[in-house]
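In my numbering, the protein residues as written are 1391 to 1696.
See below for the structure under consideration.
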Amino acid sequence: MIKVLATAESLEQGRELVDLGVDQLLIGEAVFGLRIPGHFSEEAMAEMIDYAHQHNVEVIVAANAILHNDKIEQARPFLRRIKALGADKLLVGDTGLIQILKEPDCSMPYIYDAATLVASAGQVNFWSRYGAVASFVAREVPYYELVEMAKEAVIPLYYQVYGATCIHHSRRQLLENYFNYIQAEPSRFEDRHLALSTPNNPDSHYAIFEDSHGTHIFADNDLDLLPYLNDLVECGVNHWFLDGILCPKEHYNRIISVYLEAKRRIESNQWNEEVMQALDEQLHQFQPAYRDLDTGFFLHEPGTVK
């Protein structure tokens, strides 16, 4: 069975996504959630979990931040509260947090996500022995490698099929430092889509933002693997992640609808070239104008990813 995992920036959007028919929601808060579209209070999490469960939708809470000592000290109370709220799973990449999850009062099912590190079935299967019930695959893993991973993995694999891809993360407050250097107020730029461009390509558009975890820089295009969804299903990768971190709610919800229709078509054996082309055209119409689409590393051949 295909599972569609969507991100929600707010309780309002989470309810809308549940009503659209997503299978799983990823939500989180500011301290432990890394690169999520919005931050939920515990009260909002409780409401979201209750609403989702009424509609048989799972809620995954992001605890995927890089944890220094101060955050590790906060982890136990946080995990107990999330467990008490009734969240279905955690998204985790820090081994310190995984150690704490062994403790009975903090124990919860978790999905392993260590970003670029998850590039082999060996990595996935190792963490399955330490409690992981599923694992994200690194965005840099192309299809030809994914096929081999799926054959050997003993737990389900999540693969990103839409959205922004982070290519750099620094704990430093790079934007704040830059604004200070040019003597400008950062608040003046809050409502802008900030981006970097390379000197030899002024049309390049590497989105950048800053939060309490530091500075994050993203690939200049969003990922669009809708034309290849059936290939993913055929190789056994049927957990699809759509990241809405740089996509406004109105656009993202429409894009989710397109992928949900693709899921229905594939599951009912109604998937063909004509259907795929029509849905992909809709996706391009709903995509924000300032973010282009491509296939990322997915179609790279052996020897081209170095």
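For glycine and all other residues, C-beta sits at the position ideal for the given N, C-alpha and C.
Got a sec, what are the start and stop residues for the alpha helix (DSSP H) Pro-1467 sits in? Here the question's residue 1467 lines up with position 77 in the sequence shown. From DSSP, the alpha helix (DSSP H) with Pro-1467 extends over 1459-1475.
Residue span of the alpha helix (DSSP H) that contains Tyr-1642, given as start and end: Position 252 of the sequence shown, counting from 1, holds the residue named residue 1642. Per DSSP, the unbroken alpha helix (DSSP H) holding Tyr-1642 starts and ends at 1639-1657.
Residue from His-1443, Phe-1526 and Gln-1667 with nearest C-alpha to Trp-1630: Within the sequence shown, the letter at position 240 stands for residue 1630. When only C-alpha atoms are compared, the closest one is Phe-1526.
Compute the Euclidean distance between the alpha carbons of Leu-1401 and Leu-1416, then round it to the nearest angstrom. Along the sequence shown, read from residue 1 onward, the residue named residue 1401 stands at position 11. Along the sequence shown, read from residue 1 onward, the residue named residue 1416 stands at position 26. Rounded to whole angstroms, Leu-1401 to Leu-1416 spans 11 Å at the Cα level.
Counted within 10 angstroms of its Cβ, other Cβ atoms place Gly-1483 as buried (16 or more) or exposed: Indexing the sequence shown from 1 puts residue 1483 at position 93. Residue burial annotation: Gly-1483 is buried, with at least 16 other C-beta atoms found within 10 angstroms of its C-beta.
Alpha carbon to alpha carbon, what distance is there between His-1443 and Arg-1470? The sequence position of residue 1470 within the sequence shown is 80, counting from 1. The sequence position of residue 1443 within the sequence shown is 53, counting from 1. Between the C-alpha atoms of Arg-1470 and His-1443 there is a straight-line separation of about 19 Å.
Consider the C-beta atom of Ala-1455 and the heavy atoms of the ligand ZN; say whether any pair is separated by less than 8 Å. Of the ligands one can find in the structure shown there are none, so the ligand ZN has no counterpart to examine.
State the beta-bridge partners of Ile-1501 as determined by DSSP. Numbered from 1 along the sequence shown, position 111 holds the residue referred to as residue 1501. DSSP lists Leu-1481 and Ala-1524 as partners of Ile-1501.
Go ahead and pull the three-state DSSP assignment for Glu-1406. Residue numbering aside, residue 1406 sits at position 16 when the sequence shown is read from its first letter. In the structure shown, Glu-1406 sits in a helix (DSSP, three-state: H, G or I).
If you scan the region 1540-1620 from start to end, which runs of the alpha helix (DSSP H) of 4 or more residues do you find wholly inside it? Qualifying alpha helix (DSSP H) stretches, in chain order: 1564-1571.
If we ignore side chains and look at the alpha-carbon of each, how far apart do Asn-1643 and Glu-1406 end up? As a first step, residue 1643 must be located in the sequence shown, where it is residue number 253. As a first step, residue 1406 must be located in the sequence shown, where it is residue number 16. Rounded to whole angstroms, the gap between the alpha carbons of Asn-1643 and Glu-1406 is 8 Å.
Nonlocal neighbours in the same chain, by C-beta distance under 7 Å from Ser-1647, ignoring five residues either side: Residue mapping note: residue 1647 aligns to position 257 of the sequence shown, counting from 1. Contacts found: Leu-1410.
Closest residue to Glu-1448 among Ser-1431, Pro-1499, Gly-1486 and His-1429 (Cα-Cα distance): Counting from one through the sequence shown, the residue named residue 1448 turns up at place 58. Sorting Ser-1431, Pro-1499, Gly-1486 and His-1429 by C-alpha distance to the C-alpha of Glu-1448 places Pro-1499 at the top.
Counterpart residues of Phe-1631 in DSSP-defined beta bridges: For the purposes of this step, residue 1631 is identified with residue 241 of the sequence shown, where counting begins at 1. Beta-bridge annotation (DSSP): Phe-1631 is paired with Leu-1395 and Gln-1550.
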